[in-house]
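Worksheet: the structure to be examined is printed underneath.
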């Protein structure tokens, strides 16, 4: 292989003129813009919490991307969050027989205009926290009121301990029983397996426990909390309600309720940084060593070439798997290991084969004669000649490194903290996303990897066309 | 005192078949402001003399000795780094063969020409390129050529860049190795005129390596005819052209074509001898029409036949 008679700058200009070059630069621009937009959408401290489950509790699990609604022509439920401040509060005190009774009422209303029932896996969470200092128990009732006037009482005048949060979910025994009783009050039969996510939001009728046949009851729902504290005028109640939807954001969520958009966006700079740094450093170091090897020849050449051959036969992937498995390394340590294993390799050998013919050219003799030292000749005269070739190698090597990182992450050996595209795919595999039909969890990260790889592959083709005259478009 | 005095210069290359005697005990002198033309067939060792004077030797050097005395100092005694610092490009520079390949295709020409300045004088890039621009005007290059790449220039322009590059450190001796061999006739004439002008204006001493005798006649004050690694005849241009003595020189001059003249071009039977196993005695004797028995036994020595006219041939060995 002979060196291209074209400089690095020229190679770039020429590559931009080809169609594949234009497409590649366009795609790369989009990916880079995505990377730039990432900190605006999700700052670093948000993404740092990627592996912490408790941070994401306000999100629905396994929710599809919001734009799915345009394809199914249905209004799919979004998550509704009612904070403590949004509850309407009223309180009154009453003296009776020398004892102070405090009555506290909390009311919240929300609209439910959607065509589907809320999230099946995790429907809602209602947190009620009574606080008091002079008494240990309060009497609490929690009622869920439907637009059609139906009332489902989750907690009925029960005595609950203070300063402790009472959590009600669709799986709480009281809730399930209350929902079942409600069905019984209408159909006369207590269902075998009451499904609160359907019963609470279904039109009254025979099928109101059957998610396939029940109709969604649209309208304004109400949550009513009544609390009676005996002997403590300072008692209070705080509440919070989250109704989980079926769609979330631009990319949906995974089973850990994480916003996949954050993962996908952060995946871009991480993949680019990883792929580009690995490809650039490895190929440049290999190129420089190839030039040195070819230029000096003799023992230097022998040493570099033998080490290169050794490195080429070392199977890097199993070693990486071993290291990742034992040490749970961060992505940047992985990068350092890759660079360490890639100091010499195939590029060293290819470049070395190009150097002898360049070395014999007149301008090298001229440079020697006017007193340029070996290193100056290597870096000023020979290195720029082989650089465009290196560019095309780098462009094609970037996706290879992105794939490598994805493969390791997929095997569960990726970075323990940061999300990467491979890791999202790995999580999807573990959660059987394909079986359950959570397609967004698989398709979107796969598309990100694919598009990035395609951009670099096209860039590689464009460079190839420029530096390899036989492929040039006329 | 001659500005350049070469004595017994030898440069042998080692090959698997044995040493190649590219330059074998060559001696000549050049006075200041004089132009010496080294003429001879391809492969006779002309370029090897150039690179051995400038000490830019290939890796496979077998023997390299003799004396190269520049302005009274024997530069062969200098260490490589000393030679690089003091002699190369400051005192002796070279215009390399083949203008087309003498420039790195991926570096701007101004920057390439400025490199010696940056290396030797430690000038910064801008200052060096400014100095080079002045020089580019001197060699007749148009404005704004400094930022161009070699492929954007014509052959003549490239050759001017290479000449400017050789002059950038203001050397006193310039070795011109076939400076016009790849150029068309008009460009060649232009470059020759430029070289003549530069010689007068800058007081340069040239060693003009060429295989083209008429071209050598244009520029040279003195001619040295080379055959198979050795000098066979040295003399002024007039002496060599009007009174060639060595049979090889005679044949060489007879082989020069002339315009519109009925003349059968002469050629020399046989081939150029191998430089690994040169014939014994006079190296030209197997092809010489005037060979005598002594020619194959004894190597002829250089004798001064008339003032400034030396010849190494047994025909004249008694006249010395």
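Residue numbers (our numbering), protein chains in the order written: chain D, 6 to 479; chain V, 12 to 331.
For each residue, glycine too, the CB sits at the ideal point set by N, CA and C.
From a predicted model like this one, the values you see are computed outputs, not experimental measurements.
Exposed unless 16 or more other CB atoms sit within 10 angstroms - verdict on residue i
| i | result |
| --- | --- |
| residue 479 (chain D) | Any answer about residue 479 (chain D) is weak, because its pLDDT of 43 lies below 50 and its placement is not dependable; what the coordinates show is given next. The residue is exposed, with fewer than 16 neighbouring Cβ atoms inside 10 Å. |
| residue 119 (chain V) | buried |
| residue 189 (chain D) | exposed |
| residue 12 (chain V) | exposed |
| residue 91 (chain D) | exposed |
| residue 188 (chain V) | buried |
| residue 332 (chain D) | exposed |
| residue 251 (chain V) | buried |
| residue 285 (chain V) | exposed |
| residue 308 (chain D) | exposed |
| residue 330 (chain D) | exposed |
| residue 55 (chain D) | buried |
| residue 157 (chain D) | buried |
| residue 452 (chain D) | exposed |
Bridge partner(s) assigned by DSSP for residue i
| i | result |
| --- | --- |
| residue 48 (chain V) | V:219 and V:234 |
| residue 231 (chain D) | D:110 and D:146 |
| residue 105 (chain V) | V:186 |
| residue 99 (chain D) | D:106 |
| residue 190 (chain D) | According to DSSP, which records beta bridges pairwise, residue 190 (chain D) is partnered with nothing at all. |
| residue 127 (chain D) | Looking at the DSSP assignment, residue 127 (chain D) forms no beta bridge with any residue, so it has no partner. |
| residue 115 (chain D) | D:226 |
| residue 119 (chain V) | Beta-bridge pairing links residue 119 (chain V) to no other residue. |
| residue 264 (chain D) | D:258 |
| residue 132 (chain D) | D:172 and D:245 |
| residue 76 (chain V) | V:21 |
| residue 315 (chain V) | V:321 |
| residue 16 (chain V) | V:40 and V:80 |
| residue 207 (chain D) | D:221 |
| residue 241 (chain V) | V:238 |
| residue 305 (chain D) | Paired residues: none, contrary to the question. |
| residue 85 (chain V) | V:80 |
Residues near residue i by beta carbon distance below 7 Å, same chain, minus five either side
| i | result |
| --- | --- |
| residue 201 (chain D) | 128, 175, 180, 181 and 184 |
| residue 54 (chain V) | 283 |
| residue 206 (chain D) | 117, 122, 123, 221 and 222 |
Supposed close pair residue i, residue j - CB separation, criterion 8 Å
| i | j | result |
| --- | --- | --- |
| residue 14 (chain V) | residue 239 (chain V) | About 27 Å; that fails the 8 Å criterion. |
| residue 186 (chain V) | residue 64 (chain V) | 6 Å |
| residue 248 (chain V) | residue 228 (chain V) | 6 Å |
| residue 274 (chain D) | residue 40 (chain D) | 4 Å |
| residue 294 (chain D) | residue 353 (chain D) | 5 Å |
| residue 13 (chain D) | residue 393 (chain D) | 6 Å |
| residue 49 (chain V) | residue 218 (chain V) | 6 Å |
| residue 233 (chain D) | residue 160 (chain D) | With 8 Å as the limit, residue 233 (chain D) and residue 160 (chain D) do not qualify as a contact, their Cβ atoms being about 12 Å apart. |
| residue 258 (chain D) | residue 65 (chain D) | 6 Å |
| residue 33 (chain V) | residue 56 (chain V) | 4 Å |
| residue 257 (chain V) | residue 52 (chain V) | Not really, about 14 Å apart at Cβ, beyond 8 Å. |
| residue 371 (chain D) | residue 407 (chain D) | The Cβ separation is near 43 Å, so there is no contact. |
| residue 1 (chain D) | residue 349 (chain D) | Not covered by the structure: residue 1 (chain D). The range shown for chain D is 6 to 479. |
Same chain, Cβ closer than 6 Å to residue i, neighbours up to 5 away in sequence not counted
| i | result |
| --- | --- |
| residue 420 (chain D) | 335 and 336 |
| residue 433 (chain D) | 446 and 447 |
| residue 16 (chain V) | 40 and 80 |
| residue 98 (chain V) | 86 |
| residue 219 (chain D) | 203, 207, 212 and 213 |
| residue 471 (chain D) | 16, 19 and 20 |
Contacts around residue i, its chain only, beta-carbon distance under 8 Å, and the 5 residues preceding and following it disregarded
| i | result |
| --- | --- |
| residue 89 (chain D) | 243, 244 and 245 |
| residue 255 (chain D) | 70, 71, 72 and 266 |
| residue 377 (chain D) | 385 and 386 |
Residue i: contacting residues in chain B (beta-carbon distance under 7 Å)
| i | result |
| --- | --- |
| residue 99 (chain V) | The displayed structure is made up of protein chains D and V, and chain B is not among them. |
_Using a Cβ-Cβ cutoff of 8 Å, what residues of the segment 101-119 of chain V are near chain D? List them in chain order._
Cβ contacts with chain D: 104, 105, 107, 108, 109, 112, 113, 114, 115, 116, 117 and 118.
*Contacting positions in the segment 374-386 of chain D - beta carbon closer than 9 Å to chain V*: When CB distances to chain V are screened at a threshold of 9 Å, the residues of the segment 374-386 of chain D falling below it are 374, 375, 376, 377, 378, 381, 385 and 386, in chain order.
_Along the segment 119-132 of chain V, where does the CB come closer than 8 Å to a CB of chain D? Name the residues._
Listed by position along the chain: 123, 126, 127, 130 and 131.
*Listed in chain order, which residues of the segment 387-403 of chain D have Cβ atoms closer than 7 Å to some Cβ of chain V?*
Answer set for the segment 387-403 of chain D: 389 and 390.
*Which of the residues in the segment 55-89 of chain V, read from start to end, lie with their CB under 7 Å from any CB of chain D?*
Correct list: 65 and 67.
_Under 8 Å (Cβ pairs) to chain D, residues found in the segment 147-165 of chain V_ = If the cut-off is 8 Å between Cβ atoms, the segment 147-165 of chain V has 160 and 162 near chain D.
*In chain order, what residues of the segment 23-47 of chain V put their CB closer than 9 Å to some CB of chain D?*
Correct list: empty, as no residue qualifies.
*Please list the residues of the segment 349-370 of chain D that have a C-beta atom closer than 7 Å to any C-beta atom in chain V, keeping them in chain order.*
Answer in chain order: 366, 367, 368 and 370.
*asked:* For the segment 8-26 of chain D, list every residue whose C-beta sits within 8 Å of some C-beta in chain V, in sequence order.
replied: Answer set for the segment 8-26 of chain D: 10, 11, 12, 13 and 15.
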